[in-house]
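Trainee: Under our numbering, the sequence shown has 221 at position 221, and the numbering climbs by one with no breaks. For every residue, glycine included, the Cβ atom is placed at its ideal position computed from N, Cα and C. Okay, here's the structure, questions in a sec.
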Amino acid sequence: MKWHIYTDPEHFMEQIGPFLKQREAENNLALGILTSLAAGKRRTESEPLMAAIQEGDEPALVLLMTPPNNLILVGETSRLHEDCCPFAVKSLLEMNVDVPGVIGDPAILSEFIKAWEHNTGCTAEVVMSQRIYRLDRVTEFSISPGRMRRIAAADTDLAAGWLHLFAKEIGEQLPYDKALTKARSIVEEGTLFFWEDGGRPVSMAMKTRPTANGSVVSMVYTPPEFRGRGYATSCVASLSSLLLEQGYSFCTLYTDLANNTSNKIYQNIGYRPIQDSIVYRFV
C-alpha cells in the first residue's frame with residue numbers, strides 16, 4: 001500500500017477522477033466537489049486534503065476534505081485490504097490533520113471508525129444515516145398549484161433565512177451571516193429555485209455539484225407552515241426535469257433515512273436508491 005498526498009486539484013482529478021467516475025452517481029459528493037476544486041470554483045477555509053491509498057494500479061481508498069467540512073471516504077469494498085483504513089488513520093495522524101467527522105459508505109466507514117477511535121481515544125457519533133438516490137426520468141405526478149422560478153437578487157434575504165433553517169433541521173451549524181454570504185453567491189450563480197404559489201415562495205431546491213453526466217439536487221426545504229401540500233415534490237420534480245432538459249443524463253440526491261416522507265416522495269417522482277451513506281462526528 002502506498003499513501004499519496006496531492007496539492008493540485010487538477011492533478012488529483014487527473015489521477016483519481018477515472019476511479020471516481022466508474023460510479024459517477026454514487027460518488028457524486030467527492031466527484032462534484034473535486035470538479036469544482038479543479039475548476040477553481042470552490043472556496044475553502046484552508047487547503048483541502050486530497051489523498052489516496054494505492055493498491056496496485058488503482059486507488060483502494062480516496063480521501064477528500066474541504067475544511068471545515070467532514071472527511072469524505074470513497075473506496076471499492078471488494079478491493080479494500082483490511083489494513084487499508086488503519087493505514088489511512090495512521091497517515092492522517094502523522095500529518096496532524098484535524099478530522100471533525102467522516103461521511104461515506106457505511107461498509108467502508110466502519111473500519112475507519114474503529115481505527116480512528118482506537119488511535120485517538122475519540123468516540124464516533126452518528127449524525128445521520130442517509131440514502132443516495134438517482135433519477136434518469138421524471139415519472140408523472142400530480143403537480144401542486146404554482147410554478148418553479150429561479151432565485152433573483154430580491155430573494156437574497158429570504159434565501160438566507162431558509163438556508164439557515166434548513167441547516168438547523170439537518171443538525172448543521174450555518175449562522176445567519178454565513179447563510180447570507182452563501183445566498184449572495186447563489187444569486188450570482190443562479191442555482192437555487194423556488195416553488196411559488198400565488199406569487200409567494202413556498203419551497204426551494206438547489207442545483208449543485210455538477211459532474212460530467214449528472215447533477216445533484218439539494219437544499220430541499222419547505223417552511224413548516226407550507227408543508228403537506230406537495231410543494232417540495234413539485235419543486236424537486238420540476239428542477240430535475242430542467243436538469244435533464246439541459247443535457248444531464250441523471251440527477252442524484254441525498255435523503256435522511258429517518259425522514260420517511262422525503263424518501264417516499266422522491267421515489268414517487270422517479271428517484272431510486274443506489275447506495276447508503278452515513279455521517280459521523282468525532283467527540
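Please confirm if the region 14 to 22 is in contact with the region 51 to 70, defined as three or more CB-CB distances below 8 Å between the two stretches.
Mentor: yes
Trainee: Beta-carbon separation of residue 101 and residue 127 under 8 Å?
Mentor: Looking up residue 101 in the sequence shown gives position 101. Looking up residue 127 in the sequence shown gives position 127. Closer than 8 Å, so yes.
Trainee: Please say whether residue 278 and residue 173 have beta carbons closer to each other than 8 Å?
Mentor: If you number the sequence shown from 1, residue 173 lands on position 173. If you number the sequence shown from 1, residue 278 lands on position 278. Not in contact: residue 173 and residue 278 (Cβ atoms no closer than 8 Å).
Trainee: Does the pairing of the region 156 to 172 with the region 217 to 231 give three or more beta-carbon distances under 8 Å?
Mentor: At 8 Å Cβ cutoff, the stretches touch.
Trainee: Heavy atom of the ligand PLP less than 7 Å from the Cβ of residue 41, yes or no?
Mentor: For the structure depicted, the ligand PLP is absent and the ligand set is empty, with no information on it obtainable.
Trainee: Please tell me whether residue 266 and residue 213 are closer than 8 Å, where the distance is taken between their beta carbons.
Mentor: In the sequence shown, residue 266 corresponds to position 266, counting from 1. In the sequence shown, residue 213 corresponds to position 213, counting from 1. For residue 266 and residue 213, no; Cβs fall outside 8 Å.
Trainee: Compare the C-alpha of residue 103 against each of 90, 54, 72 and 121 and name the closest.
Mentor: Taking the sequence shown and counting its residues from 1, the one referred to as residue 103 is at position 103. Considering only alpha carbons, the answer is 72.
Trainee: Is the beta carbon of residue 156 closer than 8 Å to that of residue 184?
Mentor: Position 184 of the sequence shown, counting from 1, holds the residue named residue 184. Position 156 of the sequence shown, counting from 1, holds the residue named residue 156. Contact flag set, yes.
Trainee: Contact defined as beta carbons within less than 8 Å: I believe residue 158 pairs with residue 201. What is the distance between those atoms, to the nearest angstrom?
Mentor: Position 158 of the sequence shown, counted from the first residue, corresponds to residue 158. Position 201 of the sequence shown, counted from the first residue, corresponds to residue 201. About 6 Å; that satisfies the 8 Å criterion.
Trainee: Apply the 10 Å Cβ neighbour rule to residue 177 and answer buried if 16 or more other Cβ atoms are within range, or exposed otherwise.
Mentor: The residue you call residue 177 lines up with position 177 of the sequence shown. Burial call: exposed.
Trainee: Does the Cβ of residue 238 have 16 or more other Cβ atoms within 10 Å, making it buried, or fewer, making it exposed?
Mentor: Locating residue 238 in the sequence shown gives position 238, where the first residue counts as 1. Residue 238 should be labelled buried.
Trainee: What is the DSSP secondary structure of residue 190, counted as helix, strand or coil?
Mentor: Walking along the sequence shown from the start, residue 190 turns up at place 190. Reduced to three states, the DSSP call for residue 190 is coil.
Trainee: List the endpoints of the continuous beta strand (DSSP E) containing residue 58.
Mentor: Here residue 58 refers to the residue found at position 58 of the sequence shown. Run containing residue 58: 58 to 65, per the beta strand (DSSP E) assignment.
Trainee: Determine the DSSP secondary structure at residue 271, reduced to helix, strand or coil.
Mentor: Locating residue 271 in the sequence shown gives position 271, counting from the first residue. Of the three classes helix, strand and coil, the one that applies to residue 271 here is coil, per DSSP.
Trainee: For my contact list, residue 269 and residue 141 are in at a C-beta cut-off of 8 Å; report their separation, rounded to the angstrom.
Mentor: What you label residue 269 is simply residue 269 of the sequence shown in a count that begins at 1. What you label residue 141 is simply residue 141 of the sequence shown in a count that begins at 1. Contact flag correct, Cβ pair sits at about 5 Å.
Trainee: Here's the rule: buried if 16 or more other CB atoms are within 10 angstroms of the residue's CB, otherwise exposed. What is residue 28?
Mentor: Numbered from 1 along the sequence shown, position 28 holds the residue referred to as residue 28. With 16 or more other Cβ atoms within 10 Å, it is buried.
Trainee: Can you check the region 135 to 206 for any beta strand (DSSP E) of at least 3 residues that lies completely inside it and give the ranges in chain order?
Mentor: Listed in chain order, the complete beta strand (DSSP E) runs (minimum 3 residues) inside the region 135 to 206 are 147 to 150 and 192 to 197.
Trainee: DSSP beta-bridge partners for residue 55?
Mentor: For the purposes of this step, residue 55 is taken as residue 55 along the sequence shown, with counting starting at 1. Residue 55 is bridged to 58.
Trainee: Determine the direct distance from the alpha carbon of residue 52 to that of residue 87, and round the result to whole angstroms.
Mentor: What you label residue 87 is simply residue 87 of the sequence shown in a count that begins at 1. What you label residue 52 is simply residue 52 of the sequence shown in a count that begins at 1. Approximately 11 Å, taken between the alpha carbons.
Trainee: What would DSSP say about residue 79, mapped onto helix, strand or coil?
Mentor: In the sequence shown, the residue the question calls residue 79 occupies position 79. Three-state result, residue 79: helix.
Trainee: Give the list of continuous alpha helix (DSSP H) stretches no shorter than 4 residues that lie fully inside the region 73 to 137.
Mentor: 84 to 94 and 106 to 120
Trainee: Measure the alpha-carbon distance for residue 119 versus residue 65 and round it to whole angstroms.
Mentor: Within the sequence shown, residue 119 is the residue found at index 119, counting from 1. Within the sequence shown, residue 65 is the residue found at index 65, counting from 1. Rounded to whole angstroms, residue 119 to residue 65 spans 20 Å at the Cα level.
Trainee: Sort 244, 196, 256 and 216 by Cα distance to residue 299 and report the nearest one.
Mentor: In the structure as shown, the chain begins at 1 and stops at 283. Residue 299 is therefore absent and cannot be evaluated.
Trainee: For residue 17, report the span of its alpha helix (DSSP H) as first-last.
Mentor: Sequence index remark: in the sequence shown, residue 17 carries index 17 (1-based). Taken as a continuous stretch (DSSP letters only), the alpha helix (DSSP H) holding residue 17 covers 9 to 21.
Trainee: Check the Cβ-Cβ distances between residue 119 and every residue of chain D, and say whether any is below 8 Å.
Mentor: The chain inventory of the structure shown lacks chain D, comprising one protein chain alone.
Trainee: Between the Cα of residue 111 and those of 84, 98, 30 and 160, spot the shortest distance and give me the residue it belongs to.
Mentor: Your numbering for residue 111 matches position 111 in the sequence shown. Looking at the Cα atoms, 84 is the closest of the given residues.
Trainee: Put residue 241 into one of helix, strand or coil per three-state DSSP.
Mentor: Counting from 1 along the sequence shown, the entry for residue 241 is found at position 241. Here residue 241 carries a helix assignment [DSSP, helix/strand/coil].
Trainee: Once DSSP output is grouped into helix, strand and coil, what is the label at residue 337?
Mentor: Residue 337 lies beyond the range of the chain shown here (1 to 283); nothing can be said about it.
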